[in-house]
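The working numbering applies: residue 126 is where the first sequence begins, and numbers increase by one.
The next block holds one structure in the form of structure tokens; read it before the comments.
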Amino acid sequence: MRGSLERALDTLSRLYPERKSFLDYETPFQLLVAVVLSAQCTDACVNEVTPALFSAYPDPAALANASPAELEALVFRTGFYRTKARHIREAAAIIVERFGGKVPGTMEDLTSLPGVGRKSAGVLLARCFGGQAIIVDTHFARVAWRLGLTAKGKNGLNPILVERDVAAALPKGRWTECSDLLNRHGREACFARKPRCLSCPIAAECDAFPVPGAV
DNA sequence: ATCCCGAGGG
DNA sequence: CCCTCTGGAT
Numbered sequence: 126m127r128g129s130l131e132r133a134l135d136t137l138s139r140l141y142p143e144r145k146s147f148l149d150y151e152t153p154f155q156l157l158v159a160v161v162l163s164a165q166c167t168d169a170c171v172n173e174v175t176p177a178l179f180s181a182y183p184d185p186a187a188l189a190n191a192s193p194a195e196l197e198a199l200v201f202r203t204g205f206y207r208t209k210a211r212h213i214r215e216a217a218a219i220i221v222e223r224f225g226g227k228v229p230g231t232m233e234d235l236t237s238l239p240g241v242g243r244k245s246a247g248v249l250l251a252r253c254f255g256g257q258a259i260i261v262d263t264h265f266a267r268v269a270w271r272l273g274l275t276a277k278g279k280n281g282l283n284p285i286l287v288e289r290d291v292a293a294a295l296p297k298g299r300w301t302e303c304s305d306l307l308n309r310h311g312r313e314a315c316f317a318r319k320p321r322c323l324s325c326p327i328a329a330e331c332d333a334f335p336v337p338g339a340v
């Protein structure tokens with residue numbers, strides 16, 4: 126990276142002052158379900174299916190007893206619908222049986238749930254448990270790579286390595302803020318295709334500037 | 001490395 | 001047609 130990550134974050138925090146979630150939810154349980162459904166699909170799509178889902182299954186006990194076919198129908202549009210339906214149902218059962226009906230608040234317990242990897246667990250820790258986490262999704266990884274914070278390996282970007290590299294470049298107190306801001310920048314300007322490099326406020330700090338085909 | 005899997009953009 | 005959209009499990 127050409128400049129300081131902390132200075133880039135200061136700039137982005139002025140560009141994106143509010144730090145809202147893009148997934149609709151009211152409780153940790155609802156966020157857990159929404160995050161699992163968000164794999165490889167847009168949050169807008171998730172938000173279309175979750176109202177009916179949360180209405181039909183308001184808590185882990187209800188979801189654990191859901192009919193698989195009915196559940197698959199409700200989450201169909203999010204893609205990977207068989208896998209996702211099974212994961213959220215099994216996760217709900219585990220939450221009831223092992224965690225007293227409450228979503229657990231540690232990385233280890235969260236990632237023990239089916240369908241919950243480090244990225245999804247990080248979202249829960251940061252949003253519901255006040256934790257600090259480097260949340261590596263497709264947007265975050267792309268932006269971190271373009272800035273020059275991490276490198277691609279044989280198989281492209283490895284989320285674990287991206288997390289390690291960014292964590293090493295930043296005090297832990299800013300991990301979640303960094304996750305939010307790079308993610309937000311990725312979805313609003315630093316697109317995978319035709320990113321808005323010409324109006325990017327942190328272009329001067331970016332190793333990839335200007336990305337070929339940028340506008 | 002591969003599979004799961006629908007939807008929209010270019 | 002190919003890529004991308006807040007990944008995770010095998």
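The beta-carbon is built from N, C-alpha and C at its ideal position, and this holds for glycine as well.
{"Asked": "Comparing alpha-carbon positions, which option in L250, C170, L235, L295 lies nearest F147?", "Found": "C170"}
{"Asked": "Kindly indicate which three-state DSSP category G298 falls into: helix, strand or coil?", "Found": "helix"}
{"Asked": "Alpha carbons only, please: which of L272, S180, T203 is nearest the one belonging to A133?", "Found": "L272"}
{"Asked": "Pick helix, strand or coil for G256, following the three-state DSSP scheme.", "Found": "coil"}
{"Asked": "As a quick exercise: from L157, D184, V268, pick the residue whose alpha carbon is nearest that of L238.", "Found": "L157"}
{"Asked": "Leaving out five residues before and five after C166 in sequence, what residues of the same chain have Cβ atoms less than 6 Å from its Cβ?", "Found": "T203, G204"}
{"Asked": "Threshold first: 3 residues or longer. Then list the beta strand (DSSP E) segments lying entirely within the segment 136 to 214, N to C.", "Found": "none"}
{"Asked": "According to DSSP, G278 sits in a beta bridge with which residue or residues?", "Found": "G281"}
{"Asked": "Under a three-way DSSP split, which group does C322 fall into?", "Found": "helix"}
{"Asked": "Name the two residues that bound the continuous alpha helix (DSSP H) containing T263.", "Found": "263 to 272"}
{"Asked": "Can you give me the C-alpha to C-alpha distance between I260 and L235, rounded to a whole angstrom?", "Found": "14 Å"}
{"Asked": "Assign D332 to one of three DSSP states: helix, strand, or coil.", "Found": "coil"}
{"Asked": "Could you tell me the alpha carbon to alpha carbon distance between V174 and E195, rounded to whole angstroms?", "Found": "13 Å"}
{"Asked": "Alpha carbons only, please: which of R252, D184, H310 is nearest the one belonging to D135?", "Found": "H310"}
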